[in-house]
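**Student:** Anchor point for the sequence shown: position 139 equals 141 in our numbering, and the numbering is continuous, going up by one each time.
Just so it is clear, CB atoms sit at the ideal spot from N, CA and C, and this is done for glycine as well.
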Amino acid sequence: MRTPFVGGNWKMNTDRASGVALARAVAEAAAACTGVEVAVFPPFPYLGAIADALHGSRITLGAQDLYYETSGAFTGEVSAAMLLDCGASAVLTGHSERRHVIGESDDLVNRKTRAALDADLTCVLCIGETLDQRERGETHAVNERQLRAALAGVRPERTQRLVIAYEPVWAIGTGRNATPADAQDAHARVRAVLASIFSSDVAASVRIIYGGSLKPDNAEALLARPDVDGGLVGGASLSATDFCTIVRAAEARVARPIA
Ligand code: PEP
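(1) Could you tell me which of Thr5, Cys128, Phe43 and Thr62 sits nearest to Gly37, measuring between CA atoms?
(2) Three or more beta-carbon pairs under 8 Å between the region 199-209 and the region 236-252, yes or no?
(3) Are the CB atoms of Ala92 and Ile61 within a distance shorter than 8 Å?
(4) Below 8 Å, can you find three or more Cβ-Cβ pairs linking the region 78-95 to the region 119-133?
(5) Quickly, what does DSSP pair Cys125 with across the bridge? List them, please.
(6) If I follow the unbroken beta strand (DSSP E) through Ile210, where does it start and stop?
(7) Closer than 7 Å to a non-hydrogen atom of the ligand PEP - does that hold for the CB of Glu169?
(8) Pull the bridge partners of Phe43 from the DSSP assignment, please.
(9) Along the chain, where does the beta strand (DSSP E) containing Leu234 start, and where does it finish?
(10) State the Cα-Cα distance for the pair Val8 and Cys88, rounded to the nearest angstrom.
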């Protein structure tokens, strides 16, 4: 049985006061959802304040990025150890905005993913195709290429803290979401690739979550699919009410058997 994972990616939003208030509201609203791992990913400067706000709650604190080196002359970068020191225990890698806006390569995503897992951070590795790639029928090939590249050199025992987020780029922040059937198809194929890279046991245990305009009104249908183990939420995570409605939709799947 895979515990559903729902993460809120706040991106470059909130200030210190509104971030702390949002974290407190999420902690309160999600307190009863014990069947779901709930995480928030605030901007770097507010990690310490939000760690304090979440103290004693069951919410996982995550960061939106890290650098793969441990220390040294890397101006502006943040190491895995620094994240842990600030109270974070999770991190995103490969988010489409970092791949397509900032220009991160598959190789850089691989180094960051390995650094995160080696440091025992929960690593939410994001993959997904652009609209052009989707229209050319390349969705599964792109997902497989990104997965194999990002996971090169990752030892099977390190996958215990690995979460894969399938996030079609054309669905992120656009109000367009994948259909539940499309998401299930993509997730099942991602699981098959994980089986081929690692083993069927690893594939069965890794959580594969969906991201891309996940909202209170589409969460139930998407999160009901057998290989959709939760969600990565951008826009809707800035409202504690909307975010926690999605958390409850993830919890509802706990009652159902997972294929
Ligand atoms: C995201 O940032 O990972 C995301 C899925 O954003 P949104 O929910 O706004 O599409």
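**Tutor:** Once the coordinates are examined:
(1) Thr5
(2) no
(3) no
(4) yes
(5) Val93 and Leu164
(6) Arg209 to Gly213
(7) yes
(8) Asn11
(9) Gly232 to Val235
(10) 21 Å
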